[in-house]
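J.:
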Amino acid sequence: MARITASVYTSHVPAIGAALDMGKTREPYWQPVFAGYDFSKQWMKDNTPDVIFLVFNDHATAFSLDMIPTFAIGTAGSYQPADEGWGPRPVPLVHGHADLAAHIAHSV
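For the sequence shown, our numbering assigns the number 437 to the initial residue and increments by one for each residue that follows.
Take a look at the structure:
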């Protein structure tokens with residue numbers, strides 16, 4: 437039986453990703469924001485989950501403004517970084533769990 441072990445989350449302000457990409461994490465303005473991630477980063481190292489159920493805002497990268505669903509469940513085996521108008525961010529591919537995602541999609 438599966439067990440939920442934690443809920444780890446963060447703000448999704450686009451400027452946070454830009455600050456990370458531009459190497460500004462240690463600048464006085466940004467340092468408190470990124471220091472706030474230290475606890476969660478250490479927890480993830482100490483408690484590596486088998487599966488992460490990731491919830492995020494699409495920001496109109498996969499859906500057009502003509503049709504944005506209330507929610508959607510991704511069931512792919514992997515997900516490419518989105519291009520939000522400035523090229524895809526230099527972040528790794530996100531690996532999905534297609535079988536589990538399909539099970540969840542069929543169960544809601």
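The C-beta atom is built at its ideal place from N, Cα and C for all residues, glycine as well.
Because the structure is a prediction, the values reported are computed rather than measured.
(1) If we require 4 or more residues per run, which alpha helix (DSSP H) segments fall completely within the segment 465–498?
(2) With a cut-off of 8 Å on the beta carbons, I'd call K511 and A538 a contact; round off their distance for me.
(3) Assign S514 to one of three DSSP states: helix, strand, or coil.
(4) Is S514 near H533, with beta carbons less than 7 Å apart?
(5) Less than 8 Å between C-beta atoms, sequence neighbours within five positions excluded: which residues of the same chain meet that for D519?
T.: From the atom records:
(1) As far as the segment 465–498 is concerned, its whole alpha helix (DSSP H) runs of at least 4 residues are 467–471, 474–482.
(2) Residue numbering aside, residue 511 sits at position 75 when the sequence shown is read from its first letter. Residue numbering aside, residue 538 sits at position 102 when the sequence shown is read from its first letter. According to the sequence as given, residue 511 is Thr; it is not Lys. Indeed they touch by this definition, with Cβ atoms about 5 Å apart.
(3) Here residue 514 refers to the residue found at position 78 of the sequence shown. It is a strand residue.
(4) Numbered from its first residue, the sequence shown carries residue 514 at position 78. Numbered from its first residue, the sequence shown carries residue 533 at position 97. Going by C-beta atoms, S514 is not nearer than 7 Å to H533.
(5) In the sequence shown, residue 519 corresponds to position 83, counting from 1. Only residues of its own chain outside the window of five on either side were considered, and among them T497 have a CB closer than 8 Å to the CB of D519, listed in chain order.
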